[in-house]
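Colleague: The structure that follows is given in the form of structure tokens.
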Amino acid sequence: MTTKESWNISRYSRQILLPQFGKKSQELLAKKKILIIGAGGLGCPAALYLAGAGIGTLGIVDNDMVEISNLHRQIGHKESLSGKPKAESLRETVQNLNSSVQVHIVLQRLTQFNAIEIIAGYDIVLDCTDNVLTRYVVNDACAALSKPLVSGAAIGWDGQITVYSASVDCPCYRCIFPEPPPPKCVGSCDASGVLGPIPGVIGCLQALESIKLAANIEDAEPLIGRLLVFDGLETKFRTFQLRKRSSNCIVCGDSSEDFSIVEYDYASFIGLNESFTIPIEKRLSPLEAKAKLVLTNGLWNNDYFCVDVRPSVQYELCHIEGFHNIPLEELSSKHEEIEQQANNGKSIVVICRRVGVFVMFMIL
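Converting from the sequence shown to the working numbering requires adding 6 to each position, the first position being numbered 1.
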């Protein structure tokens, strides 16, 4: 036995002792390459446990920067690295945990134009993102390349995980969701909130499912064709059987050879068309808003009726004095009040957390 083999057995002895695992599975792990897309609440715990288990190569794709607001759930980062690219921060944490793991990072957003190239070199892919567009792009690339996709999601008190495209009959994400949810029904952690341990639970499960797939563990049953749902508020796990691969699916069905990820119009499919874009001339910068809304003597300009359409909890945390909080879901019932203000000659000013949210709501 070489010194390196002795060191490895000592390091991983607690999992090698498992009768379903053993030395053979450990050696398989060391040869595998796993790609993590998203170095956030899901990607951090997944990366750390995969590195701890002794995966050979980790890829990390993320173009975002570390912010203080990330740290309650994104445990691969730390305060001193605020402002640093998340992929670089997580790589540093992973290498401090296990220096034998090869870590490759991509400081870009994964898109339909680079997905195939990025994913092609890996054995297993983890979707640790939190937006619908990227989920479809990741899924389509994995389906085209026949790569198992360990997909996780977490928001609020809830999380879920499944494995797509891992066998002939296994469905892909499009098989289950051939149509995307309406934009107004889609939430994210930064807009809807999330308790830190929730993505931690799902990220750990993503690492577990990846290890079962990568190490070919005896008697293991990965979540292939099954969806595990976690209710953190009541601490309940439930598993649901998913329908099999759809022969009509455009990316993995019987006519999938006609599908081109590069040519596909994702923007129209998701609903990110120009009708949801606020024209430049209708937007106000902070300085322009101040000039219009606050008079030179510091008093509020009564020529404007100002509405804050964020959820009440966000309004209570921080708001501009003089703005009336009418959350999006209440706009329909309050439209007469707003219309009356307009009829009285006042201009309506709307503030929302993200550009276009108000416009999307009114159109939909």
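From the three backbone atoms N, C-alpha and C, an ideal C-beta is built for every residue, glycine too.
1) CA-CA distance, Ile161 and Leu239?
2) What's the gap between the Cα of Pro317 and the Cα of Gly44?
3) Applying the 10 Å Cβ sphere with the 16-neighbour rule, what's the burial state of His83?
4) Return the chain-ordered list of same chain residues with a C-beta closer than 8 Å to the C-beta of Lys340, the five sequence neighbours on each side being excluded.
5) Using beta-carbon positions only, say whether Ile344 and Val313 come within less than 8 Å of one another.
6) Checking 8 Å against the spacing of the C-beta atoms, do Ile167 and Ala147 come in under that value?
7) Using alpha carbons as the reference points, say which of Gln80, Ser291 and Val138 lies closest to Phe275.
8) Alpha carbon to alpha carbon, how far is Asn254 from Gly351?
9) Relative to the C-alpha of Ile182, which residue among Ser252, Pro188, Ala172 and Pro228 is closest?
10) Helix, strand or coil for Gly199, going by three-state DSSP, please let me know.
11) Where Lys30 and Ile40 are concerned, what is the direct C-alpha to C-alpha distance, given to the nearest angstrom?
12) Nearest-angstrom Cα distance between Pro188 and Leu337?
13) Indicate the three-state DSSP secondary structure (helix, strand or coil) for Lys90 in the structure shown.
14) Roughly how far, in whole angstroms, is the beta-carbon of Leu64 from the beta-carbon of Val107, given that I think they are within contact range, below 8 Å?
15) Among the candidates Lys37, Ile66 and Arg20, whose CA atom is the shortest distance from the CA of Ala221?
16) Going by the DSSP bridge assignment, what does Leu41 pair with across the sheet?
17) For Phe27 and Gln21, I'd like the C-alpha separation in whole angstroms.
18) Let me check understanding here. Comparing Cα to Cα, which of Glu98, Ile208, Ile15 and Pro25 lies closest to Ile223?
19) Could you tell me if Ala6 is buried or exposed, where buried requires 16 or more neighbouring beta carbons within 10 angstroms of its beta carbon?
20) Let me confirm a value: Leu116 is counted as buried when at least 16 other C-beta atoms fall within 10 Å, else exposed. Which label applies?
21) Is the segment 81 to 99 touching the segment 163 to 180, taking contact as three or more C-beta pairs under 8 Å?
22) Consult DSSP for Leu151 and reduce its assignment to one of helix, strand or coil.
23) Here's a check: name, in chain order, each residue in its chain whose Cβ is nearer than 6 Å to the Cβ of Leu87, leaving out the five neighbours to either side.
24) Thinking C-alpha only, which one of Gly259, Leu35 and Val112 is nearest Ile130?
25) At what residues does the beta strand (DSSP E) containing Phe265 begin and finish?
Modeller: Considering the structure as presented:
1) 12 Å
2) 26 Å
3) buried
4) Ile332
5) yes
6) no
7) Val138
8) 55 Å
9) Ser252
10) Here Gly199 sits in coil by DSSP.
11) 18 Å
12) 18 Å
13) coil
14) 6 Å
15) The option with the nearest alpha carbon to Ala221 is Lys37.
16) Gly65 and Val131
17) 7 Å
18) Pro25
19) Examination of residue 6 is not possible in this model, given that the chain is present from 7 through 370 alone.
20) buried
21) no
22) helix
23) Val72 and Ser95
24) Leu35
25) It is not in any beta strand (DSSP E) - Phe265 carries neither H nor E in the DSSP assignment.
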